[in-house]
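Engineer:
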Amino acid sequence: MKSLIIYESFYGHTHVVAKAIGETLALHGEVTIMRADEAQINDLRDIDLLVVGCPTQWLGVTAATRAFFDQIPADGLRGIRVALFDTRYQRMLWLPGSSAERMERIITKMGGGVIVPPESFVVADRNGPLIEGETDRAHNWATALVAAKVMDPA
């Protein structure tokens, strides 16, 4: 399985989650991890799984992540399985919405098949850290991605 993980991270928390997911996915195939502001549409060639993550900002998708999506044509994700995650502040969990949920709507319009519900990983506050157990939860979520990909191949 060839996976591409695209992330945006301002304080390093989303990057930590992306790396944890990548470590687990690497047990099942080739993994590339890159920042959203470096990702190009050509990076989507020949991948089996696209994982995208960014912090939730103002209940929406961050600028670099949105710019990456804007490069993709309307059906540019057809046949690609997708998983989405975000990071959120612990004190903001009561607010509805997350960037991962917003990304799901964007991805669906582009023909991407979201294989698991979007996931939020929790940060204590802006300066961190991730709350205890979130890195382990990221590894477990990645294991679920592998299982979902096997059950729902493109």
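All residue numbers for the sequence shown refer to numbering that gives the first Met the number 0, where the first residue is 0 and numbers rise by one.
Just so it is clear, CB atoms sit at the ideal spot from N, CA and C, and this is done for glycine as well.
As the structure is a prediction and not an experimental result, all values here were calculated from the model.
Round the Cβ separation of V145 and H12 to the nearest angstrom and send it over; I've been treating them as touching at under 8 Å.
Structural biologist: About 23 Å; that fails the 8 Å criterion.
Engineer: Work out the CA separation of R77 and E37 for me, nearest whole Å.
Structural biologist: Distance between the alpha carbons of E37 and R77 is about 22 Å.
Engineer: Quick check on the DSSP output: the beta strand (DSSP E) that includes D85 runs from which residue to which?
Structural biologist: D85 -> beta strand (DSSP E) spans 80 to 88.
Engineer: For a test of your reading of the model: does the CB of G52 fall under 7 Å from any non-hydrogen atom of the ligand ATP? Yes or no.
Structural biologist: Only the bare structure without any ligand can be found here, which leaves the ligand ATP out of the picture.
Engineer: Nearest by alpha-carbon distance to A63: which of L48, G21, Y6 is it?
Structural biologist: Of the listed residues, the one whose Cα sits closest to A63 is Y6.
Engineer: Over the uninterrupted beta strand (DSSP E) stretch that includes K8, give me the two end residues.
Structural biologist: According to the sequence provided, residue 8 is Ser. The question's Lys does not apply to it. First-last for S8: undefined, no H or E at that position.
Engineer: Specify the secondary structure class of L106 as computed by DSSP and reduced to three states.
Structural biologist: According to the sequence displayed, residue 106 carries Ile and not Leu. I106: helix per DSSP, three-state reduction.
Engineer: Please state the DSSP three-state secondary structure of V16.
Structural biologist: Residue state, collapsed to three classes: helix.
Engineer: As a quick exercise: from T86, V15, A19, pick the residue whose alpha carbon is nearest that of T142.
Structural biologist: The residue with the shortest Cα to Cα distance from T142 is A19.
Engineer: For the beta strand (DSSP E) holding T64, just list the boundary residues, first then last.
Structural biologist: No beta strand (DSSP E) holds T64; the alpha helix (DSSP H) holding it covers 62 to 69.
Engineer: Where S8 and E118 are concerned, what is the direct C-alpha to C-alpha distance, given to the nearest angstrom?
Structural biologist: Rounded to whole angstroms, S8 to E118 spans 16 Å at the Cα level.
Engineer: Taking 8 Å as the threshold, find out whether the region 14 to 32 comes into contact with the region 131 to 142 through three or more Cβ pairs.
Structural biologist: Yes: at least three Cβ pairs fall under 8 Å.
Engineer: What does DSSP give as the partner residues of P54 in its beta bridges?
Structural biologist: BP columns for P54 point to T86.
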